[in-house]
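2 protein chains.
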Amino acid sequence: MTTALKQPHHVVIVGAGFGGLEAAFGLAGAPVRITLIDRRNHHLFQPLLYQVATASLATSEIAWPIRYLLRDRPEVTTLFANVNGVDAEGKRVLLEDGDTISYDTLVLATGARHAYFGHDEWEPFAPGLKTLEDATTLRRRILVAFERAERETDPARRAALLTFVIIGAGPTGVEMAGTIADLAKDTLPPDFRNIDTHKTRVVLVEAGPRVLAGFPEDLSAYALRSLQELGVEVVLGQPVTECAIDGVVYGGNRLEARTIVWAAGVRASRAAEWLNAPADRAYRLKVEPDLTVPGHPDIFAVGDTVTIAGPDGNPVPGIAPAAKQQGRYVAALIKARLSGGTLPPFRYKHAGSLAQIGKRKAVIDFGRIKLRGNLAWWIWGIAHIYFLIGLRNRLSVALSWLWIHARDQRAARLITQGSSKVTG
Amino acid sequence: MTTALKQPHHVVIVGAGFGGLEAAFGLAGAPVRITLIDRRNHHLFQPLLYQVATASLATSEIAWPIRYLLRDRPEVTTLFANVNGVDAEGKRVLLEDGDTISYDTLVLATGARHAYFGHDEWEPFAPGLKTLEDATTLRRRILVAFERAERETDPARRAALLTFVIIGAGPTGVEMAGTIADLAKDTLPPDFRNIDTHKTRVVLVEAGPRVLAGFPEDLSAYALRSLQELGVEVVLGQPVTECAIDGVVYGGNRLEARTIVWAAGVRASRAAEWLNAPADRAYRLKVEPDLTVPGHPDIFAVGDTVTIAGPDGNPVPGIAPAAKQQGRYVAALIKARLSGGTLPPFRYKHAGSLAQIGKRKAVIDFGRIKLRGNLAWWIWGIAHIYFLIGLRNRLSVALSWLWIHARDQRAARLITQGSSKVTG
Numbered sequence: 001m002t003t004a005l006k007q008p009h010h011v012v013i014v015g016a017g018f019g020g021l022e023a024a025f026g027l028a029g030a031p032v033r034i035t036l037i038d039r040r041n042h043h044l045f046q047p048l049l050y051q052v053a054t055a056s057l058a059t060s061e062i063a064w065p066i067r068y069l070l071r072d073r074p075e076v077t078t079l080f081a082n083v084n085g086v087d088a089e090g091k092r093v094l095l096e097d098g099d100t101i102s103y104d105t106l107v108l109a110t111g112a113r114h115a116y117f118g119h120d121e122w123e124p125f126a127p128g129l130k131t132l133e134d135a136t137t138l139r140r141r142i143l144v145a146f147e148r149a150e151r152e153t154d155p156a157r158r159a160a161l162l163t164f165v166i167i168g169a170g171p172t173g174v175e176m177a178g179t180i181a182d183l184a185k186d187t188l189p190p191d192f193r194n195i196d197t198h199k200t201r202v203v204l205v206e207a208g209p210r211v212l213a214g215f216p217e218d219l220s221a222y223a224l225r226s227l228q229e230l231g232v233e234v235v236l237g238q239p240v241t242e243c244a245i246d247g248v249v250y251g252g253n254r255l256e257a258r259t260i261v262w263a264a265g266v267r268a269s270r271a272a273e274w275l276n277a278p279a280d281r282a283y284r285l286k287v288e289p290d291l292t293v294p295g296h297p298d299i300f301a302v303g304d305t306v307t308i309a310g311p312d313g314n315p316v317p318g319i320a321p322a323a324k325q326q327g328r329y330v331a332a333l334i335k336a337r338l339s340g341g342t343l344p345p346f347r348y349k350h351a352g353s354l355a356q357i358g359k360r361k362a363v364i365d366f367g368r369i370k371l372r373g374n375l376a377w378w379i380w381g382i383a384h385i386y387f388l389i390g391l392r393n394r395l396s397v398a399l400s401w402l403w404i405h406a407r408d409q410r411a412a413r414l415i416t417q418g419s420s421k422v423t424g
Numbered sequence: 001m002t003t004a005l006k007q008p009h010h011v012v013i014v015g016a017g018f019g020g021l022e023a024a025f026g027l028a029g030a031p032v033r034i035t036l037i038d039r040r041n042h043h044l045f046q047p048l049l050y051q052v053a054t055a056s057l058a059t060s061e062i063a064w065p066i067r068y069l070l071r072d073r074p075e076v077t078t079l080f081a082n083v084n085g086v087d088a089e090g091k092r093v094l095l096e097d098g099d100t101i102s103y104d105t106l107v108l109a110t111g112a113r114h115a116y117f118g119h120d121e122w123e124p125f126a127p128g129l130k131t132l133e134d135a136t137t138l139r140r141r142i143l144v145a146f147e148r149a150e151r152e153t154d155p156a157r158r159a160a161l162l163t164f165v166i167i168g169a170g171p172t173g174v175e176m177a178g179t180i181a182d183l184a185k186d187t188l189p190p191d192f193r194n195i196d197t198h199k200t201r202v203v204l205v206e207a208g209p210r211v212l213a214g215f216p217e218d219l220s221a222y223a224l225r226s227l228q229e230l231g232v233e234v235v236l237g238q239p240v241t242e243c244a245i246d247g248v249v250y251g252g253n254r255l256e257a258r259t260i261v262w263a264a265g266v267r268a269s270r271a272a273e274w275l276n277a278p279a280d281r282a283y284r285l286k287v288e289p290d291l292t293v294p295g296h297p298d299i300f301a302v303g304d305t306v307t308i309a310g311p312d313g314n315p316v317p318g319i320a321p322a323a324k325q326q327g328r329y330v331a332a333l334i335k336a337r338l339s340g341g342t343l344p345p346f347r348y349k350h351a352g353s354l355a356q357i358g359k360r361k362a363v364i365d366f367g368r369i370k371l372r373g374n375l376a377w378w379i380w381g382i383a384h385i386y387f388l389i390g391l392r393n394r395l396s397v398a399l400s401w402l403w404i405h406a407r408d409q410r411a412a413r414l415i416t417q418g419s420s421k422v423t424g
């Protein structure tokens, strides 16, 4: 299918994450037609993905069919397809199935995935958390570890089954560690007979000197104390040097553990490779101040797949609000260009950083205002519910959280896939 | 692990479906210890499984961790394990991993799975609906068919992608057909640009002379008319003679279809084989009037894995209320025996038959009272919410149904697993 229509201007957006979707939203009313391509049929609210991995939320509570989000926009066509290249000279996007899609303007919002810094062989033992499947895989591993421990009679093997290692103490690592600790200490104890799930070890291993390195030092220190109060063992300044099926090595010591979670780093998508464009070590495209790819004024890139300096000189962080601001900027610039104008360079406004620590605390850095503890948790919760799309999911997530807080009951404790040996 | 404890009486229940769980509930307060074994970690509310397959409900809305349901019963141990045999002489259950569990009384509640009447080779093309994985697999197939049709330019291939064949017009087949029709006519149309999902063909093929053969003839006739009003093409008196990747054959004619759903029959688990006990053609154990296995007074069997005549001479139907009554009876009889008594034979009380037809109608057969239409749908809906376990899932399902009815929005339109080709 070669799209040969010349009129109206055709914007192709690759990726329906926060950046791509916001670009599509921002182009409402513009004299364009839009093709939005994603290899998934759903937009994912990644900030809460760790709650699916820890059985707190259902998959459908944090994901929406992309088509549904754009149903009222007849000029937008959603394609469920895999992009595997860009022909910048021919102004075409190449799909894996051989089709090509011509564009007038291209927006690459292709995101990032977890990266193992040259140790891809660790991935089977230490899965990361980027997709719904990643989350249900982790959920299965965590829940199966408790099930196996319940039936294990050898004390050493039982201890290894009840040891959970999280590698990387950024927001995802901190949130995973705190939530697994809650699960083990509050949700599971009454359900098991042979094991005491209070004895679960949750070990958070960080190569750098502190947890939540992107936050001010006093909030990092608070997060550290809060994690320790939850029973999480925090190991700082120790890079992991080996991951295997039965444990990890750091600081020269081996820790036997049957469940390892990778939260230590990401790499950008292959967009830089597609364009043979300059990128940083994490493969992030180095974009111009207007978010175009150098040498390609008709190709924009936004979100986790780019690197650009913020007003403070530091790189813009790889978080949802940054991707949304970039998507919105690109939409506005495309509109301006179509009416013969232009816009000043993209300028990132940092609204704040948030991280949940266990089920009743959070840290928030709004710049001048810093919050921590239970009040911060309330703001964290309300902000996340606010940013969910649609009343239905807001009600549903609020209901799930109410049950976690009031009854320590996590609704999505399902072991699915991989448990399907059938005896019948 | 050979369980050698003699005191107290040890009841082993295999299977935590409706029958097995009810037996465990019914034994509350009895002087026994109980081991409940299931190869899943969750109890599944199978009557609503078709709603997961059609994106109406989330998996976690109809499934509960088994351990959680029995958390307040310290005498109950839940094992997440596969049973693959029974040593009736040694009074031991054999687990796939080599362990054995000794019992004083055994309750087999091992259920049924879909059966292809000697055509197991059809299974990959016409999956059935018994587990959560079955439901998410069907959901993926149904949603992917619409996605592929949207991108397909060949009219014949597009028509095949938009043709859904359901084989078997019992309650599951009727409910699947009606709900796929609703999905295509009410939920999806505004979301697609290249296809008109109103043109979806839903074909329900039944070998027998009428739909819902277990219901009175007038309700069958009403269900047939209602399905036809929803646009479902109902084919009666035609057994399917071939299933393949690209279609089905019935009545000598080939129908091109890319999605086929098997709702035509079930076979019991291997419990009869384990015991080398008499069974019917569908492998259902022929049990004694007190639900024991002939020659094994210490082994009970309940639910879909047994066949027994009801008070009207017909076999007790394979539905949840029948399994629950049997589980309850077995619990009562075990209690009676422990205090030196016994009970009269099991007597099935048919409370009623219900089936939903599309999102606003149902048929109900309460024996003397027969209901159909919208009022029946309300009773159907209230009954199903009532039989869900726990306030949280009741609220959650009610919320999901409210959105379907008020907005035609189905919350769980997620394509997961198998779409995981990664471009990044």
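Chains L and F, in that order, are what the protein sequence lines are. Going by full-length UniProt numbering, 320 is the number at position 320 of the first sequence; the sequence numbering is gapless. Going by full-length UniProt numbering, 259 is the number at position 259 of the second sequence; the sequence numbering is gapless. Idealized CB from N, CA, C, for every residue including glycine. Since the model is a prediction, treat every value here as computed from it, not as a measurement.
{"Check": "Alpha carbon to alpha carbon, what distance is there between F/Val14 and F/Leu95?", "Outcome": "11 Å"}
{"Check": "Is L/Ala301 near the ligand ATP, with its Cβ less than 6 Å from a heavy atom?", "Outcome": "In terms of ligand content, the structure shown is empty, and the ligand ATP therefore cannot be addressed."}
{"Check": "Could you tell me which residues DSSP puts in a beta bridge with L/Ala362?", "Outcome": "L/Gln356, L/Gly373"}
{"Check": "Using alpha carbons as the reference points, say which of L/Ala332, L/Ala351, L/Arg281 lies closest to L/Gly310.", "Outcome": "L/Ala351"}
{"Check": "Going by Cα to Cα distance, which pick from F/Phe80, F/Val76, F/Thr100, F/Leu79 is closest to F/Val86?", "Outcome": "F/Thr100"}
{"Check": "If you follow the beta strand (DSSP E) that L/Trp64 is in, where does it begin and where does it stop?", "Outcome": "63-65"}
{"Check": "Using the Cα positions of F/Val234 and F/Leu224, report the straight-line distance between them to the nearest angstrom.", "Outcome": "7 Å"}
{"Check": "At what residues does the alpha helix (DSSP H) containing L/Ser102 begin and finish?", "Outcome": "Careful: L/Ser102 lies outside any alpha helix (DSSP H), inside the beta strand (DSSP E) at 100-102."}
{"Check": "Determine, for L/Thr77, whether the minimum Cβ-Cβ distance to residues of chain F falls below 7 Å.", "Outcome": "yes"}
{"Check": "Counting only runs that start and end within the stretch 182-247 of chain F, where is the alpha helix (DSSP H) found for 4 or more residues in a row?", "Outcome": "217-229"}
{"Check": "Which residues in chain L have a C-beta closer than 7 Å to the C-beta of F/Ser60? List them in chain order.", "Outcome": "Ala58, Ala411, Ala412, Leu414"}
{"Check": "DSSP three-state label for F/Gly85, please.", "Outcome": "strand"}
{"Check": "Mind checking which residues open and close the alpha helix (DSSP H) that includes F/Phe18?", "Outcome": "18-26"}
{"Check": "At 3 residues or longer, what runs of the beta strand (DSSP E) sit wholly inside the stretch 141-172 of chain L?", "Outcome": "163-167"}
{"Check": "Please decide whether F/Arg71 counts as near chain L, where near means a Cβ-Cβ distance under 7 Å.", "Outcome": "yes"}
{"Check": "If we count Cβ pairs, one from each stretch, closer than 8 Å, do we get three or more for the stretch 139-158 of chain F versus the stretch 256-273 of chain F?", "Outcome": "yes"}
{"Check": "Specify the secondary structure class of L/Lys335 as computed by DSSP and reduced to three states.", "Outcome": "helix"}
{"Check": "Sorted by chain position, which residues of the same chain lie with C-beta nearer than 8 Å to F/Lys286's C-beta, five sequence neighbours on each side aside?", "Outcome": "Ala277, Pro278, Ala279, Asp280, Pro294, Val306, Thr307, Ile308"}
{"Check": "By the DSSP assignment, the beta strand (DSSP E) with L/Val350 in it spans what residues?", "Outcome": "Residue identity differs from the one stated: residue 350 of chain L is His in this sequence, not Val. From DSSP, L/His350 is part of no beta strand (DSSP E); its letter is neither H nor E."}
{"Check": "Work out the CA separation of F/Leu204 and L/Ile62 for me, nearest whole Å.", "Outcome": "34 Å"}
{"Check": "How close, in whole Å, do the beta carbons of F/Val363 and F/Ile369 come, if the pair is a contact with beta carbons under 8 Å?", "Outcome": "That belief does not hold up - the Cβ atoms of F/Val363 and F/Ile369 are roughly 12 Å apart, past 8 Å."}
{"Check": "Which chain F residues are close to L/Trp262, counting only those with a beta carbon under 7 Å from its beta carbon?", "Outcome": "What L/Trp262 touches in chain F: nothing, since even the nearest Cβ is about 15 Å away."}
{"Check": "Determine the direct distance from the alpha carbon of L/Phe125 to that of F/Ser420, and round the result to whole angstroms.", "Outcome": "Note that F/Ser420 scores a pLDDT of 31, beneath 50, so its modelled location is shaky; the value from the coordinates is reported in the next line. Each residue's alpha carbon lies about 19 Å from the other."}
{"Check": "What's the C-alpha gap between L/Pro344 and L/Asp290?", "Outcome": "8 Å"}
{"Check": "Mind checking whether L/Val211 and L/Val174 have CB atoms under 7 Å apart?", "Outcome": "yes"}
{"Check": "Based on DSSP bridge pairs, tell me the residues matched to F/Thr78.", "Outcome": "F/Leu36"}
{"Check": "Just the Cα atoms here: how many angstroms apart are F/Val76 and L/Arg201?", "Outcome": "26 Å"}
{"Check": "Rounded to whole angstroms, what's the CA-CA distance from L/Ala213 to L/Arg157? Just pull it up for me.", "Outcome": "34 Å"}
{"Check": "Using a Cβ-Cβ distance under 7 Å, would F/Asn276 count as near chain L?", "Outcome": "no"}
{"Check": "Among the candidates L/Val11, L/Leu402, L/Ser102, L/Asn393, whose CA atom is the shortest distance from the CA of L/Trp378?", "Outcome": "L/Leu402"}
{"Check": "Here's the rule: buried if 16 or more other CB atoms are within 10 angstroms of the residue's CB, otherwise exposed. What is F/Asp312?", "Outcome": "exposed"}
{"Check": "Three or more C-beta pairs under 8 Å: does that hold for the stretch 103-118 of chain L against the stretch 266-275 of chain L?", "Outcome": "yes"}
{"Check": "List, in chain order, every chain F residue whose beta-carbon is nearer than 7 Å to that of L/Trp403.", "Outcome": "Arg392"}
{"Check": "Considering only the alpha carbon of each residue, which of F/Tyr329, F/Tyr348, F/Leu354 lies closest to F/Thr342?", "Outcome": "F/Tyr329"}
{"Check": "Grouping DSSP H, G and I as helix and E and B as strand, with all else coil, what is L/Glu256?", "Outcome": "strand"}
{"Check": "Check whether the Cβ atoms of F/Arg33 and F/Pro8 sit closer than 7 Å, and answer yes or no.", "Outcome": "yes"}
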